[in-house]
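Each remark here refers to the structure printed beneath this line.
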Amino acid sequence: MSSIETERSKKVRIPRAVYVLGAAIFVLGTTEFVIAGLLPEVAADFAVSIPKAGLLISAFAIAMVVGAPLLTVLTLSWPRRATLLGALGLFAVGQVVGALAGDYATLMVARIVTASATGGFWAVAGVVVVGMVDPAHRARALSLLMGGLTVANVLGVPLGTLVGQQLGWRATFWIIGAAAVVAAVAVRAVLPPGRRDTTTPVSVRAELRTFDNGRLWLSLATIAVFESAVMGTFSYLAPVITDVAGMEARMVPVALTLYGVGSLLGIQIGGRLSDRHPWATTYTALGAIVVVLGVITVAGSVPAVLLAASLLLGVVVFSAATPLNARVFMLAGPAPTLAGAAGTSAFNVGNTLGPWLGGLVITAGWGFRAPAFVGALLAAAALVLGLVSRALDARVVAAERKPLVSCRE
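If you want the working numbering, it's the position in the sequence shown, counting the first as 1, plus 74.
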């Protein structure tokens, strides 16, 4: 029977709309990270320091933390198709405002607007994807959605940076804005009104009741700790490559490309294994992250080891992200929209805290390998939280069975 079920799982078709939503995430994800490659151009244009220009990155992450649940609540009574199209429209407006910005403050406002739209789109897109597929294939479908962000890092960010360097950073904003309009047209085409996944969501009160579940809060905390471990290391990988391993600066893109290739593999692995073995996938991936970050800490000075670790890090990080994300929707039950927004916020809490913690230990004089050491500790903490989550699941299942047993007696 198991072999037959496995064969059926292989043959399952993911709806076309999932791929379209993943493509939209590619557009949104590109604008989130491409600014990092354009900091010198932006700083020179507005006569500000590069650290001040770098606040455009932090502001985006913070705005997603706050904006994702806020925009979700404000649009909760809307049909989900309308919410997705509205978020893409707001995102496009933000890109246009950014492209036309005459000063740094205006560009900062534009980044905050686009971040809020991005967070809202992420949350609702996750709900729509979950509603389109059988629960047995939920993690695989969500992995395809997250794959859009992975491709953004591998392809969108380098191309956006290249365009910005050759034609000016504003050209990158214009192109991404136009791509958002194209994405909106595609979303409108594949999500016509009347589909089951586009019906009006439940009430705000019902969505808020979801957060009475302590296991959901624990799941969100696990995501934040996990993402802090990853981003704290990833943000300072370049100086490890050049200063610790002694490689030339041209090897930084090579290492980042290896990480991107690994992340694509990780998305596939996580998506295919998480539905059938969610806990085993989670524990194995988080444990592997501890090991890989430990290797970077101990042997990061060896170029070949560091490059191999970059590839493996991408694999294990995205193998873990898929089941962690899917668990939020599983715990949310029939009211997943606000929980999905909270999941997006949790990832961005990690995006904010990780680089900050990494910067602290570097400033303290611990060296460029210190963020990887801190990351290993955080990944171990996320693993412990995962073990606690499973124990709580077992306790809930046992409590639900007790009344049945007593009735039989």
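Every residue gets a Cβ at the ideal spot worked out from N, C-alpha and C, and that includes glycine.
Distance, residue j Cα to residue i Cα
| i | j | result |
| --- | --- | --- |
| Leu-164 | Leu-330 | 31 Å |
| Ser-419 | Thr-355 | 23 Å |
| Val-448 | Gly-205 | 38 Å |
| Val-171 | Met-305 | 29 Å |
| Ala-373 | Ala-383 | 10 Å |
| Arg-443 | Leu-380 | 11 Å |
| Gly-230 | Gly-238 | 12 Å |
| Thr-284 | Ala-409 | 7 Å |
| Pro-377 | Pro-125 | 29 Å |
| Gly-432 | Asn-422 | 16 Å |
| Ala-161 | Pro-143 | 13 Å |
| Arg-270 | Leu-292 | Confidence is the limiting factor: at Arg-270 the pLDDT is only 46, short of 50, which leaves the residue's position unreliable, though a coordinate-based value still follows. About 30 Å. |
| Met-321 | Ile-131 | 27 Å |
| Ala-117 | Ser-123 | 6 Å |
| Ala-191 | Val-140 | 11 Å |
| Trp-353 | Met-404 | 13 Å |
| Leu-233 | Ser-309 | 19 Å |
| Thr-272 | Arg-154 | Its pLDDT being 46, under 50, Thr-272 is placed unreliably by the model, and nothing is read from it. |
| Asp-119 | Ala-110 | 15 Å |
| Arg-289 | Val-365 | 27 Å |
| Trp-243 | Glu-115 | 7 Å |
| Arg-201 | Leu-129 | Before going on, a small fix: residue 201 reads as Val here, not Arg. Computed Cα separation, rounded: 31 Å. |
| Val-94 | Gly-441 | 43 Å |
| Ala-303 | Ala-323 | 24 Å |
| Val-326 | Ala-312 | 6 Å |
| Pro-267 | Tyr-357 | 40 Å |
| Val-318 | Thr-224 | 27 Å |
| Ala-213 | Gly-407 | 15 Å |
| Leu-360 | Val-471 | 25 Å |
| Ala-362 | His-351 | 16 Å |
| Ile-43 | Val-328 | Missing from the structure shown is residue 43; the chain here goes from 75 to 483 and no further. |
| Ser-375 | Glu-474 | 53 Å |
| Ala-133 | Ala-465 | 37 Å |
| Gly-340 | Gly-251 | 29 Å |
| His-211 | Ile-249 | 34 Å |
| Leu-241 | Thr-371 | 39 Å |
Short Cβ contact (9 Å threshold) for residue i with residue j
| i | j | result |
| --- | --- | --- |
| Val-147 | Glu-281 | yes |
| Gln-169 | Thr-235 | no |
| Gly-388 | Gly-222 | no |
| Thr-307 | Gly-176 | no |
| Ala-166 | Ala-254 | yes |
| Thr-246 | Leu-386 | no |
| Cys-332 | Ala-446 | A quick correction: the sequence has Leu, not Cys, at residue 332. No; because the gap between Cβ atoms is not below 9 Å, this pair is not in contact. |
| Leu-158 | Val-198 | yes |
| Phe-107 | Ala-226 | yes |
| Asn-425 | Ala-135 | yes |
| Leu-145 | Gly-193 | yes |
| Val-207 | Pro-397 | no |
| Ala-189 | Met-138 | yes |
The alpha helix (DSSP H) enclosing residue i, as first and last residue numbers
| i | result |
| --- | --- |
| Pro-429 | 411 to 437 |
| Pro-397 | 377 to 406 |
| Trp-243 | 243 to 264 |
| Tyr-357 | 352 to 373 |
| Trp-321 | The residue asked about is misnamed: residue 321 is Met in this sequence, not Trp. Note, Met-321: premise wrong, no alpha helix (DSSP H); not H, not E. |
| Leu-148 | 124 to 148 |
| Tyr-178 | 178 to 206 |
| Val-101 | 90 to 108 |
| Thr-284 | Careful: Thr-284 lies outside any alpha helix (DSSP H) and carries neither H nor E. |
| Phe-165 | 154 to 174 |
| Val-314 | Careful: Val-314 lies outside any alpha helix (DSSP H) and carries neither H nor E. |
| Ala-117 | 113 to 120 |
| Leu-223 | 212 to 225 |
Given 8 Å, three or more beta-carbon pairs between the segment 344 to 354 and the segment 442 to 455 = In the pairwise beta carbon analysis, the segment 344 to 354 is classified as not touching the segment 442 to 455: fewer than three pairs are separated by under 8 Å.
query = How about the segment 247 to 263 and the segment 409 to 429: do they share at least three Cβ pairs that are nearer than 8 Å?
reply = No, they do not touch.
ask   = Using 8 Å as the threshold, is the segment 174 to 187 in touch with the segment 97 to 104, meaning 3 or more CB pairs across them?
value = The answer is no - the segment 97 to 104 does not touch the segment 174 to 187, with fewer than three Cβ pairs under 8 Å.
request  = Pair every Cβ in the segment 175 to 182 with every Cβ in the segment 210 to 219, then say whether three or more of these pairs are closer than 8 Å.
outcome  = Remark: fewer than three beta-carbon pairs, one from each stretch, lie closer than 8 Å, so the segment 175 to 182 and the segment 210 to 219 are not flagged as touching.
inquiry  = With three or more C-beta pairs closer than 8 Å as the rule, is the segment 456 to 469 touching the segment 285 to 298?
reply    = Result yes; three or more Cβ-Cβ pairs closer than 8 Å.
ask   = Can we say the segment 386 to 393 touches the segment 331 to 339, given the rule of at least three CB pairs closer than 8 Å?
value = Cβ pair count under 8 Å is three or more, so yes.
key: Sufficient close CB pairs (3 or more, under 8 Å) joining the segment 142 to 161 to the segment 432 to 439   = Note that the segment 142 to 161 does not touch the segment 432 to 439; fewer than 3 beta-carbon pairs, one per stretch, sit closer than 8 Å.
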